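S.K.: Position 285, counted from 1, in the sequence shown is what the UniProt record's numbering calls 285; the numbers after and before it change by one each time, with no gaps. Just so it is clear, CB atoms sit at the ideal spot from N, CA and C, and this is done for glycine as well. Only a predicted model underlies this, so the values are computations on that prediction, with no experimental measurement involved. Got a structure here, written out as structure tokens. Questions coming.
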Amino acid sequence: MPITLGCPSCGKRFRARDESAGKKVKCPYCQAAVQVPAPDEPPAGAGTAPPPVPDSAPVPLPPSRPVPPPARPLPASPAPKPVLASPDDWGALPAAPAPSVPFPPPARDPAPEPFPPLAPGGRGGKDRPKPAKPTKVESEEPAPKPAKGKSKGKANQKTPEEILARGWRSVRRGLFWVQFALLWLSLIGFVEFGKTVYVRAGNELPRGDGADWVSIEGYINSAGPNSAPLTKPEILDLALYGVPVLMAGLLIVFGRMIASGAPRNSGARGLFTFSALFGLVGFAALLGSALFDWLLMKDVYKYTRSAFLLLAPLAEFWFLTALTASGVALKRPKAARAVGAVGFVFALAAFVVVLGWDLYVENWRPKKPDDEVKMYEQAAFLLGWLLLVGMYWRAVRSVRVAAREFLDAAEDGRS
Numbered sequence: 001m002p003i004t005l006g007c008p009s010c011g012k013r014f015r016a017r018d019e020s021a022g023k024k025v026k027c028p029y030c031q032a033a034v035q036v037p038a039p040d041e042p043p044a045g046a047g048t049a050p051p052p053v054p055d056s057a058p059v060p061l062p063p064s065r066p067v068p069p070p071a072r073p074l075p076a077s078p079a080p081k082p083v084l085a086s087p088d089d090w091g092a093l094p095a096a097p098a099p100s101v102p103f104p105p106p107a108r109d110p111a112p113e114p115f116p117p118l119a120p121g122g123r124g125g126k127d128r129p130k131p132a133k134p135t136k137v138e139s140e141e142p143a144p145k146p147a148k149g150k151s152k153g154k155a156n157q158k159t160p161e162e163i164l165a166r167g168w169r170s171v172r173r174g175l176f177w178v179q180f181a182l183l184w185l186s187l188i189g190f191v192e193f194g195k196t197v198y199v200r201a202g203n204e205l206p207r208g209d210g211a212d213w214v215s216i217e218g219y220i221n222s223a224g225p226n227s228a229p230l231t232k233p234e235i236l237d238l239a240l241y242g243v244p245v246l247m248a249g250l251l252i253v254f255g256r257m258i259a260s261g262a263p264r265n266s267g268a269r270g271l272f273t274f275s276a277l278f279g280l281v282g283f284a285a286l287l288g289s290a291l292f293d294w295l296l297m298k299d300v301y302k303y304t305r306s307a308f309l310l311l312a313p314l315a316e317f318w319f320l321t322a323l324t325a326s327g328v329a330l331k332r333p334k335a336a337r338a339v340g341a342v343g344f345v346f347a348l349a350a351f352v353v354v355l356g357w358d359l360y361v362e363n364w365r366p367k368k369p370d371d372e373v374k375m376y377e378q379a380a381f382l383l384g385w386l387l388l389v390g391m392y393w394r395a396v397r398s399v400r401v402a403a404r405e406f407l408d409a410a411e412d413g414r415s
């Protein structure tokens, strides 16, 4: 229970805790040290009766006993040092802090004195020049706007599927151009078959000098010494074979270069790149070999023909391997099976070209084949060519469809 006591200095009363009994505390009003009485002592400030003075006279004793000497007073023990209590020991609230005085505002600079009045000038007196007009302060340049390309916040963060979608979109676009090139390649199989059917129907192919069709002064079918002659069958073959081969070669290289933007983790980026580079050099070697053969430059023709025969299979190897890697990355095993079928057809075509034709000529072909036999031979060649191009088309299409399904899944996940 709190102890109530009064301050002898200011006369105000306050309360102290029970734990402060026998200690000195500070008055919360005047900060004077006040002794807190013990529970058996009267509170400070109250009137206290003086202790009785002991009688120094000895008490008479019976005569039979001697009178003892007066007892000596015991030495007083030293008073304990007063322990000052903290403000938490008493129940009064601490004094409120002094109100803060606002800082006086700075004094303004005195206004400049006006110009002194001009004295009236006499004859020949000059007027005082006018002060120069203050120049306009250039406006501050506007703060640069933040770049629009930088994305901020979690809303603009892309998922891994969205990051991969850009690479697979490039693969899909590139394979579209490869498929378009295969359409041009398929036309090559119809050239000889069409010629055979045309002749079997009783018609004749154009013959003779090609000056009536194409003539370039000083270069082709002209009277100059350096002019190269071109016959009508050669011009016809150049048109029927040259245009599809030229378009197919350019589109294949272009499509493979676009497809080289495949995701890095798929393993197909470098494969598409190598197939595009090897295909470009091999296509240039093919055009050079045709040109040098026509110009009768046999030595150079051998080098360009060898370069084409070396680079073209390597380019196809890189491309088919890239298709397989793309199918595996897209979790499309059907693409790997389609590439395996293309490899089987390629091996079968190589056997027919290297060994099968010779066996056919030695054992089954007539000595003098007529137009009907030639038509059947060209029909077989056309079917084999369309089979090869069709299997190639199927392998490319399987990867392209897998890329489209991946992109659709990424779009659905974003929405």
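For the structure I just gave you, are there three or more beta carbon pairs, one from the segment 255 to 272 and one from the segment 298 to 314, closer than 8 Å?
M.R.: No, the segment 255 to 272 does not touch the segment 298 to 314.
S.K.: Apply the 10 Å Cβ neighbour rule to A181 and answer buried if 16 or more other Cβ atoms are within range, or exposed otherwise.
M.R.: Buried.
S.K.: Determine, using beta carbons only, whether L251 and V191 come nearer to each other than 7 Å.
M.R.: no
S.K.: Assuming F308 and S289 form a contact by the criterion Cβ under 8 Å, report the distance between their Cβ atoms to the nearest whole angstrom.
M.R.: 6 Å
S.K.: L5 lies in the beta strand (DSSP E); which residues open and close that run?
M.R.: 3 to 6
S.K.: How is Q31 classed by DSSP in three states: helix, strand or coil?
M.R.: coil
S.K.: For L295, collect the residues of the same chain with a Cβ closer than 8 Å to its Cβ; drop the 5 residues on either side in sequence, then sort them by chain order.
M.R.: A228
S.K.: Which residues in the same chain have their Cβ closer than 6 Å to the Cβ of L382, if we skip the five residues on either side of it in sequence?
M.R.: Correct list, in chain order: G189, F193.
S.K.: Do you know whose CA, among A380, K24, G202, I3, lies nearest F14's CA?
M.R.: I3
S.K.: For I216, I'd like the list of residues in its chain whose CB is within less than 7 Å of its CB, leaving aside the five on either flank, ordered along the chain.
M.R.: So the list reads S222, once near-sequence residues are dropped.
S.K.: Helix, strand or coil for I252? Go by DSSP, reduced to three states.
M.R.: Helix at I252.
S.K.: What separation, rounded to the nearest whole angstrom, lies between the Cα atoms of S306 and Y360?
M.R.: One C-alpha to the other measures close to 27 Å.
S.K.: To the nearest whole angstrom, what separates the beta carbons of L320 and V342, a pair I think is in contact under 8 Å?
M.R.: 6 Å
S.K.: Spell out a yes or no on whether the segment 401 to 415 and the segment 325 to 340 are touching, meaning 3 or more CB-CB pairs, one atom from each, closer than 8 Å.
M.R.: The segment 325 to 340 and the segment 401 to 415 touch, with three or more beta-carbon pairs separated by less than 8 Å.
S.K.: Is it buried or exposed, V243, if we count other Cβ atoms within 10 angstroms and call 16 or more buried?
M.R.: exposed
S.K.: With DSSP run on the structure shown, which of helix, strand or coil describes V300?
M.R.: helix
S.K.: Mind checking which residues open and close the beta strand (DSSP E) that includes K334?
M.R.: Careful: K334 lies outside any beta strand (DSSP E), inside the alpha helix (DSSP H) at 333 to 351.
S.K.: Let's test the definition: count the other Cβ atoms within 10 Å of the Cβ of residue 500 and tell me whether it reaches 16, buried, or not, exposed.
M.R.: Examination of residue 500 is not possible in this model, given that the chain is present from 1 through 415 alone.
S.K.: Do the CB positions of A21 and V36 come within less than 7 Å of each other?
M.R.: yes
S.K.: Classify Q31 as buried or exposed, calling it buried when 16 or more other Cβ atoms lie within 10 Å of its own Cβ.
M.R.: Taking a 10 Å sphere around the C-beta of Q31, we find fewer than 16 other C-beta atoms and assign the residue as exposed.
S.K.: Using a 10 Å radius around the Cβ and a threshold of 16 neighbouring Cβ atoms, would you call E204 buried or exposed?
M.R.: That one is exposed.
S.K.: Measuring only the C-alpha atoms, how far is L187 from P160?
M.R.: 42 Å
S.K.: Determine the DSSP secondary structure at I163, reduced to helix, strand or coil.
M.R.: helix
S.K.: How big is the Cα-Cα spacing for P206 and A347?
M.R.: 37 Å
S.K.: Please determine, among E234, M247, F317, the residue with the shortest C-alpha to C-alpha distance to D293.
M.R.: E234
S.K.: With distances taken between CB atoms, is the gap from F278 to L314 smaller than 7 Å?
M.R.: The answer is yes: Cβ separation under 7 Å.
S.K.: Is DSSP giving R365 helix, strand or coil here?
M.R.: coil
S.K.: Quick one: what does DSSP say K12 is sitting in, helix, strand or coil?
M.R.: In this structure, K12 counts as coil in the three-state DSSP scheme.
S.K.: For K12, I'd like the list of residues in its chain whose CB is within less than 6 Å of its CB, leaving aside the five on either flank, ordered along the chain.
M.R.: Within the same chain, Y29 come within 6 Å of K12 by CB-CB distance, once the 5 residues on both sides are set aside.
S.K.: Classify G202: buried if its beta carbon has 16 or more other beta carbons within 10 angstroms, exposed otherwise.
M.R.: exposed
S.K.: Mapping DSSP to helix, strand and coil, what is V137?
M.R.: Below a pLDDT of 50, predicted positions are generally treated as unreliable, and V137, at 48, falls in that range; no measurement from the model is reported.
S.K.: Have a look at D358 and A268 and give me their C-alpha separation to the nearest angstrom.
M.R.: 39 Å
S.K.: Could you name the residues of the same chain whose beta carbon sits closer than 7 Å to that of K367, not counting the 5 residues immediately before and after it, in chain order?
M.R.: A distance below 7 Å between beta-carbons, with the five flanking residues on each side excluded, links K367 to no residue of its chain.
S.K.: CB-CB under 6 Å to F406, same chain, minus the five flanking residues each way: which ones, in chain order?
M.R.: W168, L330
S.K.: By how many angstroms is the C-alpha of D412 removed from the C-alpha of L164?
M.R.: Looking at the two C-alpha atoms, the distance is approximately 14 Å.
S.K.: Can you tell which of F254, K195, I220, G224 has its C-alpha closest to the C-alpha of R173?
M.R.: Comparing C-alpha distances from R173 to each of F254, K195, I220, G224 shows the shortest one belongs to F254.
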